[in-house]
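A short worksheet on the structure shown next.
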Amino acid sequence: MPDSPPPLATYDASSIQVLEGLQAVRKRPGMYIGSTDARGLHHLITEVVDNSIDEVLAGACTDISVTLHSDGSCSVADNGRGIPIEEHPKYHKPALEIVMTILHAGSKFDRGTYKVSGGLHGVGVHVVNALSEWLEVRVKRSGREYYQRYQQGAPVAPLADVGPAETTGTEIRFLPDATVFETLAFDREVVERRLKELSFLNPTVTIHFRDEAAGREASYHHAGGISEFVEDLNSSLTSLFAPPIYLHAQRDTTDIEVAIQYNDGYNETTLAFVNNIHTFDGGTHVVGLRAALTRTFNDYARRSGGLKGDKEGLTGEDVREGLACVLSVKVLEPQFEGQTKARLGNSEVKGQVESAVNDKLAEFLEEHPAVGQTLIAKAVRAAQAREAARKARELTRRKGLLEGGGLPGKLADCHSRNPAECELFIVEGDSAGGTAKQGRDREFQAILPLWGKILNVEKARLDKMLQNDAIRALITAIGAGVGDEVDLTKLRYHKIILMTDADVDGAHIRTLLLTLFYRKMNELISEGHVYIAQAPLYRIQKGTRFQYAYSDEERDRILAEFGDGRGVTMQRYKGLGEMNAEQLAETTMRPGPRTLLRVTIEDAIRANEIFKILMGEDVEPRRQYIQEHAIEVTNLDV
Ligand code: 0RA
427 MPDSPPPLAT YDASSIQVLE GLQAVRKRPG MYIGSTDARG LHHLITEVVD
477 NSIDEVLAGA CTDISVTLHS DGSCSVADNG RGIPIEEHPK YHKPALEIVM
527 TILHAGSKFD RGTYKVSGGL HGVGVHVVNA LSEWLEVRVK RSGREYYQRY
577 QQGAPVAPLA DVGPAETTGT EIRFLPDATV FETLAFDREV VERRLKELSF
627 LNPTVTIHFR DEAAGREASY HHAGGISEFV EDLNSSLTSL FAPPIYLHAQ
677 RDTTDIEVAI QYNDGYNETT LAFVNNIHTF DGGTHVVGLR AALTRTFNDY
727 ARRSGGLKGD KEGLTGEDVR EGLACVLSVK VLEPQFEGQT KARLGNSEVK
777 GQVESAVNDK LAEFLEEHPA VGQTLIAKAV RAAQAREAAR KARELTRRKG
827 LLEGGGLPGK LADCHSRNPA ECELFIVEGD SAGGTAKQGR DREFQAILPL
877 WGKILNVEKA RLDKMLQNDA IRALITAIGA GVGDEVDLTK LRYHKIILMT
927 DADVDGAHIR TLLLTLFYRK MNELISEGHV YIAQAPLYRI QKGTRFQYAY
977 SDEERDRILA EFGDGRGVTM QRYKGLGEMN AEQLAETTMR PGPRTLLRVT
1027 IEDAIRANEI FKILMGEDVE PRRQYIQEHA IEVTNLDV
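Note that my numbering has the sequence shown beginning at 427, numbered continuously upward.
Below, the structure written as structure tokens:
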């Protein structure tokens, strides 16, 4: 990465400090933004938008505009107070320049809102600046407009007064540095999803979005806040009551907001945020919420007669059946943990959320007995279904339907008993299963072919899927249990690899399995145990030379390299079954040549959304989805 000295006018002590700061960021971008892949790239936008959201939290900003420009840059404009431009007492430079090059909060210029720290958020706009080929900032403040431009984080000229201004605000436009990032393409859907989320969490703001190249514009404003958010989560389902339950409380310095609305389905969707950051992997706030739900519903059920004293209580799973919930907490000094820093670690927050939800939810149920009775009846039905399922499972076990030490008969297990080195390949059908069995390294690679019509389990209600023999075999093979009972210490393979065909059925099975893991074995994904195998789409040959292509772009590149025309043959793989065992091993299975994609929680959430649309009752969203994705699907299905 070129680190040419930035064109500073004078190299005084503070300039040197700036240089060192910028170099530290450019040397180890991952330390500041997590990674330099697409996720890190989008983090740049998040970081800048979060700064504008801070102005919203301070009550000083109502509108934010985010634009993806045709030149690959992104701009974020707000009508806040404008970054201060007064001289910084220590550095004798405009505070703006200090904010853009060193600090994200000098004490005097601190905005006094909930700060985001400990994670990858709130690292400061100077990090975005350091990782941008160029960045331009415009500030309107005290009747004037100011402008400054930077390259790779260093100012190319002093801050300039460019004329009068009637309003106030800040606009930051930046082009991510191609020498830092592996990809430079912003994904409109990713950006819009995040902006929509922010507009629910901050009901006073309107966020305008524009994608210049695609000619798309959208505005997000949700005055109903997180209550509207859960309504949105339930929009393709039937809600059991309206409006959603909304709870708001303060415990110590922690602010707690919860919106709850049940639907007549069987799944749980809980989205949890800390200082506006989506904690995909949950944490202490979610633990507190769950404890409170279980306790409050049990107490209420006993008091209202819905549950007899001698009966066993409702479990967490029972009371979360059909739950759509958004939890948003504001914590003074959040500590984020885990691989992607997406889990809240502050232990005190568990008790704070638990106490707040206990009190407020009990109060709500007392005041709304009709809603209370509906929910208790539903949870009791869930408990009965759970008990019936348990009996059925026991019966299955006793009847010996699962052979050989309790492991499914279709599983070709590996020799090793060390889970850390073991891999389970999940394939479609016996034919691909046979090839994979021949191609594997039986020391540490196990194969489980799925069989039968696992796709069309009558609109595949997730619980129904658990009654499907192939799915049950899968759960038994993995060994870690399902639902509330998941125990990763019993996991039999640390890599669970989905190896499906590159066609529509393969995509469906992948969506379905990811949804199953996401909903019923979440830890598998959050701890990074699930992977997707990358099988080649083409084999291109000229004479004795051949190469595999894993994408259409790669195919075109190889075709160009081989020289078009005579003697070039191309085979398109429609399924894994078209490869022989050695080909499959060398392209897809063997560590070394193969590439595995590790599934993230975001991938799983995506799959879950698609699953809901594909399997849901509503025809319209399904029609729309299939239409929007028709191109991708036809590509897959050629
Ligand atoms: C420090 C202090 C104040 C505002 C800001 C920073 C500020 C930063 C950004 C970043 C993007 N948009 C922004 N808007 C404001 C408070 C200034 C005052 O009290 O007038």
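Note that the Cβ used here is the ideal one computed from N, Cα and C, for glycine as well.
Given this structure, state the Cα-to-Cα distance separating residue i from residue j, to the nearest angstrom.
i     : j     : result
S977  : Q960  : 10 Å
D497  : V617  : 17 Å
Y573  : D1029 : 40 Å
E657  : V806  : 24 Å
I966  : L985  : 8 Å
P1017 : F667  : 52 Å
A582  : P515  : This sequence places Val at residue 582; Ala is not what is there. Answer to the nearest angstrom: the Cα atoms are 22 Å apart.
L733  : R721  : 13 Å
L445  : Y957  : 40 Å
L448  : Q778  : 39 Å
D895  : A796  : 39 Å
R936  : L914  : 22 Å
A1033 : A639  : 27 Å
I442  : A586  : 22 Å
G651  : S625  : 8 Å
P1047 : D867  : 44 Å
P875  : S662  : 33 Å
G456  : V757  : 25 Å
G532  : I1039 : Per-residue confidence for G532 stands at a pLDDT of 44, beneath the threshold of 50, marking its modelled position as unreliable; the derived number appears in the next sentence. Roughly 47 Å between the two C-alpha positions.
R575  : D504  : 18 Å
N660  : A750  : 7 Å
E1012 : E847  : 19 Å
D910  : E615  : 32 Å
K519  : V451  : 21 Å
F1037 : I524  : 47 Å
D931  : N772  : 43 Å
M1015 : T1021 : 8 Å
G764  : V745  : 27 Å
K804  : A788  : 17 Å
P669  : H794  : 12 Å
Indicate whether residue i and residue j have their beta-carbon atoms separated by less than 8 Å.
i     : j    : result
R567  : T594 : yes
A649  : P629 : yes
G748  : Y672 : no
P845  : Y919 : yes
T680  : V755 : yes
K863  : A903 : no
L753  : P760 : no
V775  : H711 : yes
G860  : D927 : no
C500  : F600 : yes
E780  : A685 : no
G579  : A611 : no
A899  : L917 : no
A1065 : G798 : The chain is shown from 427 up to 1064; residue 1065 falls before or after that span and cannot be answered.
A486  : G506 : yes
I852  : I923 : yes
I1027 : A604 : no
G954  : R843 : no
P584  : R570 : no
E597  : R620 : no
V551  : N477 : yes
T664  : D463 : no
A809  : L740 : yes
Is any heavy atom of the ligand SAH found at a distance shorter than 7 Å from the C-beta of residue i?
i    : result
N701 : No copy of the ligand SAH appears in this structure; the ligands present are the ligand 0RA.
**OP:** Answer yes if the stretch 487–501 comes into contact with the stretch 470–479, meaning at least three C-beta pairs across the two stretches below 8 Å, and no otherwise.
**Re:** By the Cβ test, the stretch 470–479 is in contact with the stretch 487–501, since at least three Cβ pairs between them sit closer than 8 Å.
Original post:
Enumerated in chain order, which unbroken segments of the beta strand (DSSP E) with a length of 3 residues or greater are wholly contained in the stretch 728–789?
Top reply: Counting only runs that start and end inside the stretch 728–789, the beta strand (DSSP E) elements of at least 3 residues fall at 749–756.
**OP:** Output the residue ranges of the alpha helix (DSSP H) runs that lie fully inside the stretch 543–622 and measure 4 residues or longer, sorted by chain position.
**Re:** Entirely contained in the stretch 543–622, the alpha helix (DSSP H) runs reaching 4 residues are, in chain order, 551–556.
Original post:
Can you give, in chain order, each stretch of the beta strand (DSSP E) that sits fully within the stretch 987–1015 and has at least 3 residues?
Top reply: Those beta strand (DSSP E) runs which fall completely within the stretch 987–1015 and span 3+ residues are 994–998.
Subject >> Touch test, the stretch 722–730 against the stretch 784–791, Cβ-Cβ under 8 Å, three pairs minimum >> reply: For the pair of segments examined, the stretch 722–730 was found to touch the stretch 784–791: the number of CB pairs separated by less than 8 Å reaches three.
Original post:
What are the complete beta strand (DSSP E) segments, minimum 3 residues, inside the stretch 892–956?
Top reply: Note on the stretch 892–956: whole beta strand (DSSP E) runs with a minimum of 3 residues are 921–925, in chain order.
Original post:
What are the uninterrupted segments assigned as beta strand (DSSP E) that are 3 or more residues long and contained completely in the stretch 456–508, given in chain order?
Top reply: For the stretch 456–508, whole beta strand (DSSP E) runs of length 3 or above, ordered along the chain, are 489–494, 500–504.
Original post:
Unbroken beta strand (DSSP E) runs of length 3 or more, entirely within the stretch 845–873: which are they?
Top reply: Here the runs fully enclosed are 849–854.
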